[in-house]
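A.B. asks: First the structure, which I've put down as structure tokens, then a few questions once you've had a look.
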Amino acid sequence: MKYLVMLIGDGDEKPWGDMSSDEQGELMQRFGDFDAACTAREGVQILAGEALDAPSSAAVMRTREGKVSLTEGPFAEALEGLGGFYLVEAPDLDTLVELLRALPRYDMQIVPTIDV
Amino acid sequence: MPQGSAAVLAHEALEQVVREDWGRLLGALIRRHGRPDLAEDCLAEAVASAVDQWVRMGVPTSPAGWLAHVASRRLLDVLRREATAAGKVHLVASHVEGRPQPELGPGGQVDDRLPLLFLAAHPALAPEARPALSLRFVLGVPTADIAALFMVPTPTMAARVTRAKKRLRDIGAAFAVPAAEALPERTDDVARAIYLAFTAAYAPREGADVVAVSAAGDTARLARLASELVPGTPVFDALCALVTLQHARREARADADGGLVRLADQDRSRWHRDEIDSGVAILRRIEPTTGFAEERRLQALIAAFHATAATAADTDWAAIVRAYQRLEELTGSPVVRLNHAVAVAELSGPLQGLRVLQAAADQLPGHHRVHAVRAELLWREGQISAAREAYKAAIALCPDGPELRHLRGRLAAMAT
């Protein structure tokens with residue numbers, strides 16, 4: 072199955088700006104650990120993964136009666152905190168959750184994709 | 298052979314195989330096909346079609362093998378229909394052939410009921426769906442019986458079970474024993490699900506089956522199975538001891554009219570001694586522990602002190618008070634404090650009990666049991682008119698049912 076993993080909140084981690092550079096380094100190390108754990112696990116593959124810029128850099132595109140508008144928000148509440156995402160191929164949810172324990176202790180939303 | 302006895306044989310064989318092999322059969326189906334949303338319906342259909350066939354053709358040599366075969370064929374039919382609709386029929390055959398065959402006999406390396414237990418209490422499911430799915434998946438308890446246990450209409454329970462099965466499929470829940478890191482949390486989830494079924498079975502209820510004996514028996518089987526499948530797990534052992542000790546008193550908990558009988562008034566000769574002994578033996582194996590497991594261990598300990606007292610007067614109230622004190626420290630639960638107050642009253646007299654009760658009363662405003670316990674203690678203290686007022690307050694707050702009848706009976710008994 073393919074899962075979208077959205078990193079939506081700091082959870083048990085301090086905000087990035089409040090961390091010492093050592094702490095920031097440790098945090099980055101955990102992303103590397105997650106990457107390595109996925110590579111080592113059979114049937115698991117990170118298909119995509121990016122850190123996202125702040126919502127102030129984002130735009131909302133809407134089409135109404137054929138007209139396209141671009142605005143700065145309002146964003147859905149969950150997306151306000153969306154700091155990054157992964158698209159992961161994994162055999163099941165439990166395997167994915169086990170691997171995600173390697174990441175910083177962020178709040179995450181996990182959504183399976185629909186196979187068409 | 299006359300038709301009548303063939304039917305009896307077929308029914309008996311079917312009942313036995315469902316009772317003994319349901320969980321293994323369902324586990325094997327899910328392991329093979331990976332479809333918790335479909336497997337259980339297919340197995341239920343195979344069971345439903347078995348009676349007719351077995352009456353006409355005789356009971357097969359391996360009833361479990363027959364059910365496995367028929368259920369698997371049905372599941373493949375459904376998968377093929379799905380695949381045809383999606384234009385992927387060529388994928389079905391290879392998909393299935395590549396998977397291991399179900400093992401039915403005991404003594405296999407892996408018992409398929411173990412991953413099934415973890416799947417039915419999966420953390421991705423709503424907590425209230427987990428006990429129902431555990432009873433249905435692991436033991437094959439009919440949905441109507443589960444609905445009766447949780448006091449909801451059967452269609453409501455059927456919808457809840459269907460939704461839970463679909464969620465397991467949609468989210469891609471694993472059919473596997475959890476990895477070591479997750480195991481403590483996952484065993485707790487399983488234990489909590491069984492405990493919810495247990496508390497539902499012991500909630501006072503209406504009707505002839507006032508103590509829900511059969512549902513309580515299913516819960517006891519589930520707790521025993523969990524402690525056998527994952528030996529040496531404190532939370533499962535504690536739960537198993539608790540449920541076994543409570544269930545051993547089932548015959549004495551209701552009178553002939555379906556009224557509840559209080560522990561002190563129960564006919565102790567009707568308690569199942571062998572089950573009490575086995576509950577106590579399990580309890581002796583467990584060391585004091587922490588968290589949910591320790592709460593259940595203390596409850597089991599209290600149940601054991603009651604169950605091993607020859608008469609109500611012989612009860613070791615000092616030990617029970619100590620256990621309630623620890624349970625209260627651990628949970629901070631006002632309901633525990635209520636029971637603690639009752640135990641203190643037995644040990645040190647009603648006035649001491651009333652003192653402990655006061656704190657619970659502040660935390661549980663408007664709860665009928667606070668008034669009922671106060672009434673009982675005031676009565677014993679000889680404060681008749683205050684006791685009568687407390688009973689009236691309890692009766693005004695108590696929902697209709699056997700407990701309300703019991704309270705009215707106590708108030709009536711005071712008048713005489």
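Top line first, the protein sequences correspond to chains B and Y.
Sequential numbering of the first sequence, starting at 72, is according to our numbering.
Sequential numbering of the second sequence, starting at 298, is according to our numbering.
All residues carry an ideal CB built from backbone N, CA and C; glycine is no exception.
Determine the burial state of Y/P370: buried for a count of at least 16 other Cβ atoms within 10 Å of its Cβ, exposed for fewer.
C.D. replies: To locate residue 370 of chain Y, count along the second sequence from 1; it is residue 73. It is Arg, not Pro, that sits at residue 370 of chain Y in the sequence shown. Exposed.
A.B. asks: Measure from the alpha carbon of Y/R559 to the alpha carbon of each residue in Y/R550, Y/R565, Y/K462 and Y/R567, then state which is nearest.
C.D. replies: Here residue 559 of chain Y refers to the residue found at position 262 when the second sequence is read from its first residue. Per the Cα distances, Y/R550.
A.B. asks: Looking at chain Y, is there any beta carbon in it that lies within less than 8 Å of the beta carbon of B/L174?
C.D. replies: For the purposes of this step, residue 174 of chain B is taken as the residue at position 103 of the first sequence. Not an interface residue.
A.B. asks: Please list the residues of the region 135-165 of chain B that have a C-beta atom closer than 7 Å to any C-beta atom in chain Y, keeping them in chain order.
C.D. replies: Listed in sequence order: D163, L164 and D165.
A.B. asks: Got a sec: which bits of the region 460-490 of chain Y sit with their beta carbon under 7 Å from any beta carbon on chain B, in order along the chain?
C.D. replies: For the region 460-490 of chain Y, which is checked against every Cβ of chain B, the residues closer than 7 Å are D467, I468, G469, A470, A471, A473, P475, A476, E478 and A479.
A.B. asks: Does DSSP classify Y/V449 as helix, strand or coil?
C.D. replies: On the second sequence, residue 449 of chain Y is found 152 positions in, with the first residue counted as 1. Coil at Y/V449, not helix or strand.
A.B. asks: Could you please give the first and the last residue of the uninterrupted beta strand (DSSP E) stretch that includes B/Y74?
C.D. replies: In the first sequence, the residue the question calls residue 74 of chain B occupies position 3. From DSSP, the beta strand (DSSP E) with B/Y74 extends over K73 to G80.
A.B. asks: Please list, in chain order, the residues of the region 419-439 of chain Y that have any C-beta partner in chain B closer than 9 Å.
C.D. replies: Of all residues in the region 419-439 of chain Y, H419, P420 and A421 have a Cβ within less than 9 Å of some Cβ in chain B.
A.B. asks: For B/D83, which of helix, strand or coil comes out of DSSP?
C.D. replies: Locating residue 83 of chain B in the first sequence gives position 12, counting from the first residue. Coil, per DSSP.
A.B. asks: Helix, strand or coil, according to DSSP, for B/S140 in the structure here?
C.D. replies: One-based indexing of the first sequence puts residue 140 of chain B at position 69. B/S140: strand per DSSP, three-state reduction.
A.B. asks: If you draw a straight line from the C-alpha of Y/I617 to the C-alpha of Y/V540, how long is it?
C.D. replies: As a first step, residue 617 of chain Y must be located in the second sequence, where it is residue number 320. As a first step, residue 540 of chain Y must be located in the second sequence, where it is residue number 243. Their Cα atoms are separated by approximately 18 Å.
A.B. asks: Go ahead and label Y/I768 buried or exposed: buried means 16 or more other beta carbons lie within 10 angstroms of its beta carbon, across all protein chains shown.
C.D. replies: Nothing in the structure corresponds to residue 768 of chain Y, since chain Y is present only between 298 and 713.
A.B. asks: Please state whether the Cβ-Cβ distance between Y/W319 and Y/L436 is less than 8 Å.
C.D. replies: On the second sequence, residue 319 of chain Y is found 22 positions in, with the first residue counted as 1. On the second sequence, residue 436 of chain Y is found 139 positions in, with the first residue counted as 1. Their beta carbons are under 8 Å apart, which means Y/W319 touches Y/L436 by this criterion.
A.B. asks: Just to confirm, are B/T184 and B/K73 a CB contact at a threshold of 8 Å?
C.D. replies: Walking along the first sequence from the start, residue 184 of chain B turns up at place 113. Walking along the first sequence from the start, residue 73 of chain B turns up at place 2. It is a contact, given that the beta carbons lie within the stated cut-off.
A.B. asks: Consider the Cβ of B/M72: report whether some Cβ of chain Y lies at a distance smaller than 8 Å.
C.D. replies: Against the first sequence, residue 72 of chain B aligns to sequence position 1. With 8 Å as the cut-off, B/M72 counts as an interface residue toward chain Y.
A.B. asks: On the premise that B/D178 lies in contact with B/I79, defined as a C-beta separation below 8 Å, what is that separation, rounded to the nearest angstrom?
C.D. replies: Along the first sequence, read from residue 1 onward, the residue named residue 79 of chain B stands at position 8. Along the first sequence, read from residue 1 onward, the residue named residue 178 of chain B stands at position 107. Indeed, because the Cβ distance is near 5 Å, the residues count as touching under 8 Å.
A.B. asks: Considering only residues of the same chain and omitting the five flanking positions on each side of Y/Q563, which have a CB-CB separation below 6 Å?
C.D. replies: Translated into positions along the second sequence, residue 563 of chain Y becomes position 266. Taken in chain order, the residues that qualify are A549.
A.B. asks: Below 6 Å CB to CB, which residues in the same chain sit around Y/A426 once its five sequence neighbours on both sides are set aside?
C.D. replies: Stepping through the second sequence from its first residue, residue 426 of chain Y is reached at position 129. Around Y/A426: R457 and A461.
A.B. asks: Identify which residue in Y/A490, Y/A620 and Y/R707 has its Cα closest to the Cα of Y/A418.
C.D. replies: If you number the second sequence from 1, residue 418 of chain Y lands on position 121. Of Y/A490, Y/A620 and Y/R707, the residue nearest in Cα terms is Y/A490.
A.B. asks: Counting only Cβ pairs nearer than 7 Å, list the residues of chain Y close to B/T169.
C.D. replies: Taking the first sequence and counting its residues from 1, the one referred to as residue 169 of chain B is at position 98. Note on residue identity: the sequence assigns Glu, not Thr, to residue 169 of chain B. Within 7 Å Cβ-Cβ: A476, E478 and A479.
A.B. asks: Once DSSP output is grouped into helix, strand and coil, what is the label at Y/E584?
C.D. replies: Locating residue 584 of chain Y in the second sequence gives position 287, where the first residue counts as 1. Three-state DSSP puts Y/E584 in coil, outside helix and strand.
A.B. asks: What is the rounded straight-line gap between the Cα of Y/R433 and the Cα of Y/D442?
C.D. replies: Counting from one through the second sequence, the residue named residue 433 of chain Y turns up at place 136. Counting from one through the second sequence, the residue named residue 442 of chain Y turns up at place 145. Rounded to whole angstroms, Y/R433 to Y/D442 spans 10 Å at the Cα level.
A.B. asks: DSSP beta-bridge partners for B/I181?
C.D. replies: If you number the first sequence from 1, residue 181 of chain B lands on position 110. Answer is B/V76.
A.B. asks: Assuming Y/R483 contacts Y/P475 (C-beta within less than 8 Å), just tell me the rounded distance between them.
C.D. replies: Taking the second sequence and counting its residues from 1, one reaches residue 483 of chain Y at position 186. Taking the second sequence and counting its residues from 1, one reaches residue 475 of chain Y at position 178. Their Cβ separation, rounded to whole angstroms, is 4 Å, which keeps Y/R483 and Y/P475 in contact under 8 Å.
A.B. asks: Taking the alpha-carbon of Y/V367 as reference, which of Y/W351, Y/I583, Y/T605 and Y/A538 has the nearest alpha-carbon?
C.D. replies: For the purposes of this step, residue 367 of chain Y is taken as residue 70 along the second sequence, with counting starting at 1. Comparing Cα positions, the closest option is Y/W351.
A.B. asks: Straight-line CA distance for Y/R547 to Y/V577?
C.D. replies: Taking the second sequence and counting its residues from 1, one reaches residue 547 of chain Y at position 250. Taking the second sequence and counting its residues from 1, one reaches residue 577 of chain Y at position 280. Their Cα atoms are separated by approximately 17 Å.
A.B. asks: Just the Cα atoms here: how many angstroms apart are Y/R396 and Y/D409?
C.D. replies: Stepping through the second sequence from its first residue, residue 396 of chain Y is reached at position 99. Stepping through the second sequence from its first residue, residue 409 of chain Y is reached at position 112. Model confidence at Y/R396 stands at a pLDDT of 46, short of 50, so the residue's coordinates are unreliable; what they give is reported in the following sentence. Between Y/R396 and Y/D409, the C-alpha separation is close to 15 Å.
A.B. asks: Give me the Cα-Cα distance between B/A119 and Y/G529, rounded to the nearest whole angstrom.
C.D. replies: Within the first sequence, the letter at position 48 stands for residue 119 of chain B. Within the second sequence, the letter at position 232 stands for residue 529 of chain Y. Their Cα atoms are separated by approximately 42 Å.
A.B. asks: Checking the sheet assignment: what are the DSSP bridge partners for B/M160?
C.D. replies: Against the first sequence, residue 160 of chain B aligns to sequence position 89. Reading off the sequence, residue 160 of chain B comes out as Glu, not Met. According to DSSP, B/E160 bridges with B/K73 and B/Q116.
A.B. asks: Check whether the region 618-628 of chain Y and the region 584-594 of chain Y are in contact - that is, three or more C-beta pairs closer than 8 Å.
C.D. replies: Touching, per the Cβ criterion.
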